[in-house]
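176 is the number of the first residue of the sequence shown in my numbering; add one for each residue after it. Working notes, beginning with the structure itself.
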Amino acid sequence: FVEQLRTGRGHYLAMFHDDGRFFTKQPQQEKPVRFKLFQTLSTDGGLTWAAPTVVASSTSHHLCEPGVVRSPDGKRLAVLLRENSRRHNSQIIFSDDEGKTWSEHRSLPASLNGDRHTGRYLPDGRIFISFRSRQPGGIKKPLHEGDWVGWLGTWDDLVSAKEGQYVVRLKDNKRGADCAYPGVEVLPDGTIVTTTYGHWSADQQPYILSVRLKAQELDALAK
């Protein structure tokens, strides 16, 4: 992700991961494999970027594919993370100083277990997060395991590790878990538009699909 910072005009933070295979000219993968979460900063609107620094490094928790959500008052950043060893829940970290420092990672609730979290605020203040559903080993797999799903909840749910309001399967992926690098946009009338690839038709090649929905539709279904 790339997030605009409040430290000055044209200031941006970007975050990414590496497991030792790609970041350096010669692969430097360790055994056991170590995942590193990096961030880099730009102060000129993205024309140039500083040398990346390590935010987290672990052989037990394979943190990757970060997705950011800012608090309603704008003062805090939350980053949701895929946990690629599949031994733990997905993780979350927080920053109260525009990315200068970060909290230790901790587990997200099972409702947010998965990969490639992309979140946007809705007009009523709730947060919609689109992602791929993946549970770690030892947890009973839900009906939407490996599918494209959406989560609806609040900022307080993220901070307090609450399950949130709803998880909805947006589309059944017909081939394993090969789907979902979702983009999310919210239109002025509150319509959520989320778009990604997946194996949406059996025995066919993957293709890109957009889904439109409103939070009020989910509220009505839940009654």
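We treat Cβ as the ideally placed atom computed from N, Cα and C, and that holds for glycine.
Query	Result
Cα-Cα separation between W251 and Q379, rounded to whole angstroms	For clarity, residue 251 is Arg in the given sequence; the question names Trp instead. Whole-angstrom Cα-Cα distance: 43 Å.
Rounded C-alpha distance that separates K389 from Q201	47 Å
Contact check, G358 vs T370, beta carbons under 8 Å	yes
Whole-number beta carbon distance between D322 and R344, since they are thought to touch under 8 Å	5 Å
Residues near F191 by beta carbon distance below 6 Å, same chain, minus five either side	F213
In DSSP terms, what F306 is bridged to	V324
First through last residue of the beta strand (DSSP E) which encompasses A390	A390 -> not in any beta strand (DSSP E); alpha helix (DSSP H) instead, spanning 390–397.
Whole-angstrom distance between C354 and Y341, CA atom to CA atom	21 Å
Limits of the alpha helix (DSSP H) - the one that D331 falls within	330–335
Contact the region 272–284 vs the region 295–305: 3+ CB pairs below 8 Å	no
Option in V208, N348, A225, Q203 with minimal Cα separation from A189	A225
Minimum C-alpha distance to D272 - residue among R245, P284, L287	R245
Counted within 10 angstroms of its Cβ, other Cβ atoms place D331 as buried (16 or more) or exposed	exposed
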